[in-house]
Amino acid sequence: MALPKEPRQKMINLMYLVLTALLALNVSSEILNAFKVVDSSLITSNTNLDAANNTLFTS
19 MALPKEPRQK MINLMYLVLT ALLALNVSSE ILNAFKVVDS SLITSNTNLD AANNTLFTS
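Here's what the structure looks like:
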């Protein structure tokens, strides 16, 4: 069982949380566009594999 956290540790955890949020807000648009490209390619790949599986099971 976890021990109760000290107020100092709670403050440190909160500061790390705020730092992580600030770093997430500072992400460039190129990185976000890269995630969009990866997402669309994964969707295309899943669609192609689904079609290949369907033709394999129907034959």
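Convert by adding 18 to the 1-based position in the sequence shown; the result is the number in the numbering used here.
For each residue, glycine too, the CB sits at the ideal point set by N, CA and C.
Quiz item: What did DSSP end up calling V45 once you bin it into helix, strand or coil?
Solution: coil
Quiz item: In this structure, does DSSP put S63 in helix, strand or coil?
Solution: helix
Quiz item: Is P22 helix, strand or coil when you go by DSSP?
Solution: coil
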